[in-house]
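To start, the structure under review is shown below, and the notes come after it.
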Amino acid sequence: MKVSVKLPALVLGIALLCSGGVGVASYISGANTVRGQAEQRLMALAEGRRDSLLEFYRSKEISIDSHVEGKALRAAYSDLAGAWAKYGDKAFDTLTKIYVTDNPHPVDERDQLVKAGRKPYDKAHAKHHTSLRDYADSNDHPDIMLINLQGDVIYSVRKRADFGVNVHFEQWQGTPLAAGFDRIVSGEAETVLGYDPVLYPGKDNEPAGFWIAPVVVGSKTIGVIVYETPINKIDSLLGKYAGLGETGDIYLLNEDGLVLNDSKRTADVSEMLSANFGAPEIMSAMAGEAAFRHLPDYNGRDVFAAMVPFTALGNKYTLVVVQEAGEVLAPLSSLRLWIFGIALACAVVACIFGLLLARNLSGRINGLGEVMSRLAGGENAVEVPVQSASDEIAAMATTVEVFRENALARERLEAEQRESGLAQERQAAEVSRMIADFRSEVTQMLDAVYSNSEQMRRAAEELNSVADETAGDATNASSASEEASTNVQTVASASEELSASIQEIRRQVQSTTEIVQNASQAAVQTNNKIEGLAESAQRIGDVVNLISAIAEQTNLLALNATIEAARAGEAGRGFAVVASEVKELATQTAKATEEIEGQIAEVQAATKEAVTAIAGITQTMSQVDEYTGSIASAVEQQGAATNEISGNVQEAARGTQDVARTIVTISEKTRVTSSSAGQVLSASTDVNGKTNALRETVDRFLNAVAAA
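Counting with this note's numbering, you get residues 37 to 744 for the letters of the sequence shown.
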């Protein structure tokens, strides 16, 4: 098959393959993009609704905690429980008849009955019912109930079938009321308990959930309060479908996968507690991992689902946002049509372009083929077609042109080789003459170099001998100077140590002088303080004398009071007792003041002895201060003499060190001279050897050149 046929077929095949591949890749990319956008959108909606629910649950929990801890609720429970107890065993029959059976209001409006009589329960109900009903209405609670510690529902806002019952009755044992009541009364729970909606008999088996909390006074639980979960409020929070198209929906699931809300999009069907998402992917989300899956929903619809788990009031939930896959992937239908049209147009354009390109390439290749055939036949003068494009065919044309130019160059080279044979013979004769002249000149130069190196070697030997003798003398002088320097350094070191010792003695004497002066000052200050203490003790003695005088006077007054009380007879008996107590206190005060006087006398005697002792210490410190001053003066004079001796010895040491350094320098230079002489001797010997080797090398080179 010719190239003119192969190229168009190849281009067409490649175009179709590329168009199909690009189309498939574009569709897959578009599908992934649509799926990714759906995942982001549904996950964002799920997380947003989850956050709204969490905020709702938190606000309700805070509201319940505040309500339970309020004085109004505790007062309401106490009044209602006390009034209920007064009916004894007849409470259920009597109060349900009044507030339920004989309630004049319709069933849904029984809460409008505030006061039904004048009995204690009627008064308590009238006092607290309105505030409890208002709290339930304002916080969207369908009902609020109070339960006493015996399990009786002593109050409810709506007065339904559960008013007055005992939670341990057979019909109520499986309800959240019984479970929550038992946990709180047993002490297992101390905070708000959340119970998911169930089919509740108190509402004719309609779904109802409850939040149950203890009523506490101090640290003691006195009862239980039950708040019915505002299911309609949760349905309203989840019933906002912006961004979910026509088929999207939102479900709140419990741990068993049951739906806990009622969708607004299925008004004729209630999903609450009837729909069950049992898919493993959804159940795995309960473990705490958010997920996005393509799966069937509870009624078999093919949906995309975003699942977000969370925990509230001790219960685990999963919020599921779904949208039918057909609606999510609807944009892919139009994308398929666009991709098919674009791929087809690209294939048509590629075919047209391939045909034109094939015709152009085949024409250029045929022209080059003809030129190459003529070159192979020896027609080197043929012209290669000029190529305007810069592609592989142009490169081939350039290569053919190179072949043609090489053939022409080969013909010219053969002619030049014939001409160069005669020139080479003339050149060989000239080279032989130049070799002879070079050998003669090199031989003369090498003889002169050898003679000079011999003279230099003999001079180096003499210089080396003289340097060795000088080095020996310098070594002896260096040893003597080093010994002298060592002796002088020893004396200098001893002088420095003596000077340092004197400085240390002077420092210690100065320190002692300062300590003695400080001690003398401290003794004076202590003497002043002790004198002040003696004066204070004297003043305390004066005060004690005054107290003693007062005690004596008090004793006399008590004695007079005792005498007057005796005169008063029976009427003064109480006054006599007081006078006796006063006299006893006065006697104790007198004894205490005598003891204080004795202690103060001892303090005054001790302070006088301390003043005398401190005066002696002060005088002794003054004498020590004078002695240390004399010692410091003598040490200062000795230090000056020692410093002068040390300075002279240091000057002598520096002189011997200078002599030693000079001798060392001379010795070093002598060694350098000896080394240099040895190097010159070695170099001259080496030059002689190298000169002979060079002579032999030149002879071999010239012989080899001549032989060539």
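Idealized CB from N, CA, C, for every residue including glycine.
Who are the Cβ neighbours of residue i in its own chain at under 8 angstroms, not counting the five residues just before and after it?
{"i": "P332", "result": "A315, D338 and V339"}
{"i": "G350", "result": "L229 and G230"}
{"i": "E633", "result": "G577, V580, N581 and S584"}
Using a beta-carbon distance below 8 angstroms, is residue i in contact with chain D?
{"i": "A383", "result": "In the structure shown, chain D does not exist; there is a single protein chain."}
With a CB to CB cut of under 7 angstroms and the five nearest residues on each side skipped, what residues in its chain are close to residue i?
{"i": "Q207", "result": "P237"}
{"i": "H141", "result": "Q148 and L149"}
{"i": "A112", "result": "H164 and L168"}
{"i": "E588", "result": "A626"}
{"i": "A622", "result": "A587, T590, N591 and A594"}
{"i": "G776", "result": "Only positions 37 to 744 of the chain appear in this structure, which leaves residue 776 out of reach."}
{"i": "T629", "result": "V580, I583, S584 and A587"}
{"i": "P156", "result": "A119 and K122"}
{"i": "K126", "result": "none"}
{"i": "G124", "result": "none"}
Counting only the same chain and skipping the five closest in sequence on each side, list residues whose C-beta sits under 6 angstroms from that of residue i.
{"i": "K745", "result": "Missing from the structure shown is residue 745; the chain here goes from 37 to 744 and no further."}
{"i": "R86", "result": "V344, F346 and L355"}
{"i": "S306", "result": "D298"}
{"i": "A172", "result": "I180 and V193"}
{"i": "D188", "result": "N202"}
{"i": "F128", "result": "G200"}
Would you tell me roughly how many angstroms separate the C-alpha atoms of residue i and residue j, rounded to the nearest one?
{"i": "E360", "j": "L274", "result": "18 angstroms"}
{"i": "A342", "j": "A326", "result": "8 angstroms"}
{"i": "V234", "j": "N175", "result": "21 angstroms"}
{"i": "T625", "j": "G106", "result": "59 angstroms"}
{"i": "N241", "j": "F205", "result": "17 angstroms"}
{"i": "L109", "j": "P178", "result": "18 angstroms"}
{"i": "L593", "j": "E600", "result": "11 angstroms"}
{"i": "N728", "j": "S456", "result": "40 angstroms"}
{"i": "K133", "j": "F217", "result": "25 angstroms"}
{"i": "Q209", "j": "G324", "result": "32 angstroms"}
{"i": "G414", "j": "G57", "result": "51 angstroms"}
{"i": "N747", "j": "A311", "result": "Since the first and last residues shown for the chain are 37 and 744, residue 747 lies out of range."}
{"i": "R697", "j": "T522", "result": "13 angstroms"}
{"i": "E638", "j": "N564", "result": "19 angstroms"}
{"i": "Q715", "j": "R454", "result": "60 angstroms"}
{"i": "L182", "j": "G293", "result": "31 angstroms"}
{"i": "A430", "j": "V407", "result": "14 angstroms"}
{"i": "L213", "j": "A244", "result": "11 angstroms"}
{"i": "I378", "j": "Q73", "result": "24 angstroms"}
{"i": "G281", "j": "K300", "result": "14 angstroms"}
{"i": "L52", "j": "A61", "result": "14 angstroms"}
{"i": "L444", "j": "V438", "result": "10 angstroms"}
{"i": "A536", "j": "Q561", "result": "37 angstroms"}
{"i": "A386", "j": "I401", "result": "22 angstroms"}
{"i": "G84", "j": "I50", "result": "50 angstroms"}
{"i": "L185", "j": "E91", "result": "32 angstroms"}
{"i": "G405", "j": "A740", "result": "54 angstroms"}
{"i": "L373", "j": "I64", "result": "14 angstroms"}
Under three-state DSSP, which class holds residue i?
{"i": "K352", "result": "strand"}
{"i": "A341", "result": "strand"}
{"i": "D504", "result": "helix"}
{"i": "V560", "result": "helix"}
{"i": "H330", "result": "strand"}
{"i": "L78", "result": "helix"}
{"i": "A244", "result": "strand"}
{"i": "V816", "result": "Only positions 37 to 744 of the chain appear in the structure, and residue 816 is not among them; the question remains open."}
{"i": "T227", "result": "coil"}
{"i": "E630", "result": "helix"}
{"i": "E680", "result": "helix"}
{"i": "E360", "result": "strand"}
Next item on the list: Could you pull out every unbroken alpha helix (DSSP H) segment of at least 4 residues lying fully inside the segment 363-407, listed in chain order?
Entry: none
Item checked: Sequence ranges, beta strand (DSSP E) only - wholly within the segment 248-312, length at least 3 -> 256-264 and 285-289
Next item on the list: Note down, one range per segment and in chain order, each beta strand (DSSP E) of at least 3 residues found wholly within the segment 179-213.
Entry: 180-183 and 189-192
Checklist line | Three CB pairs or more closer than 8 angstroms across the segment 275-294 and the segment 248-264 | finding: no
Next item on the list: Can you check the segment 103-189 for any alpha helix (DSSP H) of at least 4 residues that lies completely inside it and give the ranges in chain order?
Entry: 107-121, 127-132 and 156-174
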